[in-house]
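If you're matching them up, the sequences are chains D and P in order. Residue numbering for the first sequence follows our numbering, beginning at 128 and increasing consecutively. Residue numbering for the second sequence follows our numbering, beginning at 128 and increasing consecutively. Built from N, CA and C at the ideal position, the CB exists for glycine as well.
Protein chains: 2
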Amino acid sequence: MNKINVKKKQVLQIKGDLYSKAYIVESGLLRSYTIDENGKEHIFMFGPEGWIVTDYASGDEPCDLYIDALEDSVVIQIEKNTELDFDQKKFIKRIRVLQSRIIMLMSASAIDRYEHFISTYPTIVQRVPQYMIASYLGITPEALSAAKSQRLKSQK
Amino acid sequence: MNKINVKKKQVLQIKGDLYSKAYIVESGLLRSYTIDENGKEHIFMFGPEGWIVTDYASGDEPCDLYIDALEDSVVIQIEKNTELDFDQKKFIKRIRVLQSRIIMLMSASAIDRYEHFISTYPTIVQRVPQYMIASYLGITPEALSAAKSQRLKSQK
DNA sequence: CCGTTTTCTTAATCTACATTAATGTATAGC
DNA sequence: GCTATACATTAATGTAGATTAAGAAAACGG
């Protein structure tokens with residue numbers, strides 16, 4: 128637990144780092160973000176004074192987020208405990224699901240979301256009415272129907 | 128921790144319930160969802176066999192989600208501990224932030240998202256370039272600029 | 001202080017998705 | 001089996017937001 132000064136634009140964490148840290152922001156401003164396949168940045172959260180910025184989902188696995196400073200900042204760096212107890216691991220799994228859902232909602236088109244849905248929930252496609260899948264994806268049933276028929280065409 | 132049978136369409140949890148429960152799905156299919164101001168349902172997650180369905184963010188506060196059964200199911204009902212320790216409370220806060228973010232992304236227009244952003248991060252609007260706010264909201268800087276000027280007009 | 005770079009705005013065009021509505025199909029209840 | 005209800009598909013039209021590009025304004029580095 129040591130206090131460090133970071134300069135604007137300084138990078139604190141790269142996606143893929145193994146043992147990620149948490150940062151309590153004393154002053155200044157951090158952000159966490161991802162970069163998608165097209166090289167586009169998607170800001171995940173801002174961290175002004177008093178906030179904690181971290182890849183909540185990372186424990187002993189590689190992290191999903193980049194973290195850098197948007198202003199000169201003073202932060203307290205906490206080494207995250209890599210020995211997580213059972214309950215903590217459960218929470219982290221849930222957070223990971225939510226984070227990936229947010230990234231999907233922010234970056235993927237309706238068709239891509241549908242593809243993603245099929246691979247995460249392969250058994251459910253046949254079990255629920257389509258309008259519910261649309262509701263999960265945040266689109267209309269009509270749009271989903273159109274996406275599906277487009278998909279069939281392009282597969283031929 | 129008791130096993131219960133639930134019928135298709137049976138409601139397990141209403142938004143606003145105080146002490147919410149968690150459900151381990153042994154067989155069947157549950158879902159959790161919200162209803163927005165327009166009465167539209169947004170499915171938050173599906174819970175097939177082996178999944179746990181709950182409002183992850185609710186502890187001793189009213190919950191944000193409805194839960195019901197999409198198929199006849201057998202579930203194990205767990206009374207969630209209302210006495211949460213410090214670490215669990217931290218996780219729950221983070222999950223709450225993520226959940227509300229997902230609901231926002233699924234249901235709100237760009238303009239509404241911007242309004243929402245201003246109220247959650249009042250100090251940050253002036254501190255970061257607008258294209259970063261756009262990145263956070265999942266829209267383009269141009270769309271944000273247009274939304275802002277529309278907003279000014281309608282305020283006059 | 002000046003020139004460069006970064007950021008913001010405006011406008012034109014284009015595309016994905018929403019909306020509406022009509023038609024088709026399956027399912028359940030009687 | 002017949003009807004009602006629930007669900008899926010298709011097509012027409014509308015709209016929000018993406019994309020592109022160009023110019024203005026602000027911030028930044030030397």
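Residue i at chain D interface by Cβ criterion, 7 Å
i, result
"S183 (chain P)", "Per the sequence shown, the amino acid found at residue 183 (chain P) is Tyr instead of Ser. It does: the Cβ of Y183 (chain P) has a partner Cβ on chain D nearer than 7 Å."
"E168 (chain P)", "yes"
"V152 (chain P)", "no"
"S276 (chain P)", "no"
"Y263 (chain P)", "yes"
"L197 (chain P)", "yes"
"K283 (chain P)", "Interpretation of K283 (chain P) is limited by its pLDDT of 46, a score under 50 that renders its predicted location unreliable; the figure taken from the coordinates is listed afterwards. Chain D, which has no Cβ nearer than 7 Å to the Cβ of K283 (chain P), makes this no."
"L139 (chain P)", "no"
"L232 (chain P)", "yes"
"E188 (chain P)", "no"
Residue-level contact to chain P via CB, residue i, 7 Å cutoff
i, result
"Y258 (chain D)", "no"
"G127 (chain D)", "The structure shown does not extend to residue 127 (chain D), since chain D is modelled only from 128 to 283, so the question has no answer here."
"G174 (chain D)", "no"
Element boundaries [beta strand (DSSP E), containing residue i]
i, result
"T161 (chain D)", "L157 to I162"
"K130 (chain D)", "N129 to V133"
"D195 (chain P)", "Y193 to A196"
"A237 (chain D)", "Note, A237 (chain D): premise wrong, no beta strand (DSSP E); alpha helix (DSSP H) at A237 to T247."
"A149 (chain P)", "K148 to S154"
"Q204 (chain P)", "S200 to E206"
"E168 (chain P)", "E168 to G174"
"L139 (chain P)", "V138 to Q140"
Among the options, nearest to residue i - alpha-carbon criterion
i, options, result
"Y258 (chain D)", "D:T247, D:S246 and D:K275", "D:K275"
"I170 (chain D)", "D:R223, D:I230, D:E153 and D:K207", "D:I230"
"I162 (chain P)", "P:T250, P:E269, P:Q277 and P:Y193", "P:Y193"
"R223 (chain D)", "D:D182, D:A237 and D:I238", "D:D182"
"S227 (chain D)", "D:Y241, D:Y248 and D:A184", "D:A184"
"S197 (chain D)", "D:F218, D:P175, D:I203 and D:A273", "Before going further, note that residue 197 (chain D) is Leu rather than Ser in the sequence given. Checking every option, the nearest Cα to that of L197 (chain D) belongs to D:P175."
"C190 (chain D)", "D:L139, D:K217, D:N165 and D:R240", "D:L139"
"N132 (chain D)", "D:Y150, D:D144 and D:E269", "D:Y150"
"L157 (chain P)", "P:Y146, P:G143 and P:W178", "P:W178"
"G155 (chain P)", "P:L264, P:T247 and P:Q137", "P:Q137"
"E153 (chain P)", "P:K167, P:S200 and P:S147", "P:S200"
"I205 (chain D)", "D:R278, D:G143 and D:K148", "D:K148"
"M233 (chain D)", "P:G143, P:I260, P:L279 and P:K135", "P:I260"
"E164 (chain P)", "P:I251, P:V202 and P:A235", "P:A235"
"E168 (chain P)", "D:G265, D:A273, D:A270 and D:R278", "D:G265"
"I238 (chain D)", "D:D214, D:I219 and D:E269", "D:E269"
"Y160 (chain D)", "P:I219, P:A273 and P:S262", "P:S262"
"F173 (chain D)", "P:F244, P:K135, P:K134 and P:V202", "P:F244"
"R278 (chain P)", "P:V202, P:K135, P:K216 and P:R240", "P:R240"
"V202 (chain D)", "D:L271, D:S272, D:A273 and D:K135", "D:K135"
"K142 (chain P)", "P:D212, P:A273 and P:E188", "P:E188"
"Y146 (chain P)", "P:I219, P:D212, P:K207 and P:R221", "P:K207"
First through last residue of the alpha helix (DSSP H) which encompasses residue i
i, result
"V224 (chain D)", "F213 to S234"
"Y263 (chain D)", "Q257 to L264"
Can you list, in chain order, the residues of the region 211-230 of chain P whose Cβ is nearer than 7 Å to any Cβ on chain D?
D214, Q215, F218, R221, I222, L225, Q226, R228 and I229
For the region 235-254 of chain P, which residues have a CB atom closer than 8 Å to at least one CB atom of chain D, in sequence order?
Answer in chain order: Y248, T250, I251 and R254.
Tell me which residues of the region 153-164 of chain P have at least one Cβ-Cβ distance to chain D shorter than 8 Å, keeping chain order.
L156, R158 and Y160
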